[in-house]
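Asker:
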Amino acid sequence: YLGLRIQETTIAPQKLFIADEPQTLRDLQQLCGMVSWVGPLLGISPESLAPLFNLLRGDDSLDSPRSVTPEAREAIGKVQKALSTRRAHQMEPGLQLRFIVMGQLPHLQGRIFQWDERIKDPLSLLEWLFLPHQLSKSLTTPQELMVQLIRKAKSRIHVLAGCDFACIYMPFKLGDMEFVLQSSECLQFALHSYSGQLSSHHLPHKLFNINFKLVPKLFRSNRPLRALMVFTNGSGASHRSVLTWRNSQTSEWEKYVEVVEGSPQIAELSAMVRAFERFQKEPINIVTDSAYVAGVVERGEQSVLKEVPNPKLYDLLSQLVFLLSHREQPYYIMHVRSHTDLPG
Numbered sequence: 001y002l003g004l005r006i007q008e009t010t011i012a013p014q015k016l017f018i019a020d021e022p023q024t025l026r027d028l029q030q031l032c033g034m035v036s037w038v039g040p041l042l043g044i045s046p047e048s049l050a051p052l053f054n055l056l057r058g059d060d061s062l063d064s065p066r067s068v069t070p071e072a073r074e075a076i077g078k079v080q081k082a083l084s085t086r087r088a089h090q091m092e093p094g095l096q097l098r099f100i101v102m103g104q105l106p107h108l109q110g111r112i113f114q115w116d117e118r119i120k121d122p123l124s125l126l127e128w129l130f131l132p133h134q135l136s137k138s139l140t141t142p143q144e145l146m147v148q149l150i151r152k153a154k155s156r157i158h159v160l161a162g163c164d165f166a167c168i169y170m171p172f173k174l175g176d177m178e179f180v181l182q183s184s185e186c187l188q189f190a191l192h193s194y195s196g197q198l199s200s201h202h203l204p205h206k207l208f209n210i211n212f213k214l215v216p217k218l219f220r221s222n223r224p225l226r227a228l229m230v231f232t233n234g235s236g237a238s239h240r241s242v243l244t245w246r247n248s249q250t251s252e253w254e255k256y257v258e259v260v261e262g263s264p265q266i267a268e269l270s271a272m273v274r275a276f277e278r279f280q281k282e283p284i285n286i287v288t289d290s291a292y293v294a295g296v297v298e299r300g301e302q303s304v305l306k307e308v309p310n311p312k313l314y315d316l317l318s319q320l321v322f323l324l325s326h327r328e329q330p331y332y333i334m335h336v337r338s339h340t341d342l343p344g
């Protein structure tokens, strides 16, 4: 029915012929379209198919030639294996519908499922939900990734059953969940009018035990710390990227100046990267007059970085996200408007 084989308890796509040697962009688009259709039923994630999707780049003429790389051929093999071995379950009307956010950052994914304790394996997976291959924002926070999955799941369950989930399982520690819900505006909007339960404790099943990974603790502080104060600045005119601080032992001011080619944002970002490199093992307060850089730091920890056209900017953003995500000491970031006529 509509390209599906519906059996007593499971659903699977009909046997499909996969053209593992697409010759043109048109062939490749058809293949990617078919993979996107069966992915939610068979649990084929976009990140596992990235080598295949990357072949879509380049000449946008439908007849433009394409050659399959070894990595893309391996991705096609994963699809073929999933088609022959995986199944989705049919929905049981008498059981509650549940949703769980799983995976490890940055590759979060969701499962719509039911739980039937009357049978030996109580887990019935109805659909997999994945994030898009290309995210819309340059930096996407863990909360925003979850929001995308939750919105997608709520929309899908309204189509499937016309109701809401009985429970949504989210990968936060119990003590962190309340704080995240209070501080994350995007999560508040996503869960607006939701009347079911929220839980950080998944049901006992080996699939959840392996793939339910808690979001790491964030070290960015919302309040100034009793710690070293570091000032950063950058100039597009002089190409100087500067950080300065007062040595706690000698009370002397120290500075680190580097010449960086590029825009003022590049110079400011370079200074911020060097500040986190130099003081990665101690708590710090950082003051910057760049609203752009302060915003990047506020969103950067554990975030997913989208590739940007400027190679130098992308390299600095990658370094900063890595330093923030692997930091083990708290930090506080503050933006000040230094170019004003106000005294002080």
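When you line the sequence shown up against full-length UniProt numbering, it's residues 1 to 344, in that order. For every residue, glycine included, the Cβ atom is placed at its ideal position computed from N, Cα and C.
#1: Buried or exposed, going by whether 16 or more other CB atoms sit within 10 Å of the CB of Thr250?
#2: Could you pull out every residue in the same chain whose Cβ sits closer than 8 Å to the Cβ of Ala161, ignoring the five residues on either side in sequence?
#3: To the nearest angstrom, how far is it from the Cα of Met229 to the Cα of Arg223?
#4: Among residues of its own chain, excluding the 5 on either side of Pro46, which ones have a beta-carbon nearer than 8 Å to its beta-carbon?
#5: Go through its chain and collect everything with a Cβ distance to Ser221's Cβ below 7 Å, but skip five positions before and after it.
#6: Pull up the CB-CB distance for Gly33 and Lys213, whole angstroms please, since I reckon it's below 8 Å.
#7: List the endpoints of the continuous alpha helix (DSSP H) containing Ser325.
#8: Tell me whether Ser48 sits in a helix, a strand or coil according to DSSP, three-state version.
#9: So the candidates are Val259, Gln29, Glu268 and His107; which of them puts its Cα closest to the Cα of Val293?
#10: Give the range of the beta strand (DSSP E) segment to which Gln197 is assigned.
#11: Could you tell me the alpha carbon to alpha carbon distance between His239 and Val273, rounded to whole angstroms?
#12: Rounded to whole angstroms, what's the CA-CA distance from Ser36 to His192? Just pull it up for me.
#13: Can the beta-carbon of Met177 be found less than 8 Å from the beta-carbon of Leu198?
#14: Whole angstroms are fine: how far does the CA of His158 sit from the CA of Asp164?
Answerer: Considering the structure as presented:
#1: If you number the sequence shown from 1, residue 250 lands on position 250. By the 10 Å Cβ count, Thr250 comes out exposed.
#2: Numbered from 1 along the sequence shown, position 161 holds the residue referred to as residue 161. Hits under 8 Å: Met91 and Leu97.
#3: As a first step, residue 229 must be located in the sequence shown, where it is residue number 229. As a first step, residue 223 must be located in the sequence shown, where it is residue number 223. In a straight line, the C-alpha of Met229 is about 13 Å away from that of Arg223.
#4: Taking the sequence shown and counting its residues from 1, one reaches residue 46 at position 46. Once the five neighbours on either side are set aside, the close Cβ partners of Pro46 are Gly39, Phe53, Phe130, Leu131, Pro132 and His133.
#5: Walking along the sequence shown from the start, residue 221 turns up at place 221. Closer than 7 Å at Cβ, skipping near neighbours: Pro330, Tyr331 and Tyr332.
#6: In the sequence shown, the residue the question calls residue 33 occupies position 33. In the sequence shown, the residue the question calls residue 213 occupies position 213. Their Cβ separation, rounded to whole angstroms, is 31 Å, which puts Gly33 and Lys213 out of contact at 8 Å.
#7: Position 325 of the sequence shown, counted from the first residue, corresponds to residue 325. It spans Pro311 to Ser325 - the alpha helix (DSSP H) in which Ser325 sits, taken as one unbroken run.
#8: Counted from its first residue, the sequence shown places residue 48 at position 48. Looking at Ser48 - three-state DSSP - the assignment turns out to be helix.
#9: To locate residue 293, count along the sequence shown from 1; it is residue 293. The residue with the shortest Cα to Cα distance from Val293 is Glu268.
#10: The residue given as residue 197 occupies position 197 in the sequence shown. Here the beta strand (DSSP E) through Gln197 covers Gln197 to Ser199.
#11: Reading the sequence shown from its first residue, position 239 is the one you call residue 239. Reading the sequence shown from its first residue, position 273 is the one you call residue 273. Computed Cα separation, rounded: 16 Å.
#12: Numbered from 1 along the sequence shown, position 36 holds the residue referred to as residue 36. Numbered from 1 along the sequence shown, position 192 holds the residue referred to as residue 192. When rounded, the distance between both Cα atoms is 29 Å.
#13: Taking the first residue of the sequence shown as position 1, residue 177 is located at position 177. Taking the first residue of the sequence shown as position 1, residue 198 is located at position 198. Yes, these two residues count as a Cβ contact at 8 Å.
#14: By one-based count along the sequence shown, residue 164 stands at place 164. By one-based count along the sequence shown, residue 158 stands at place 158. Their Cα atoms are separated by approximately 7 Å.
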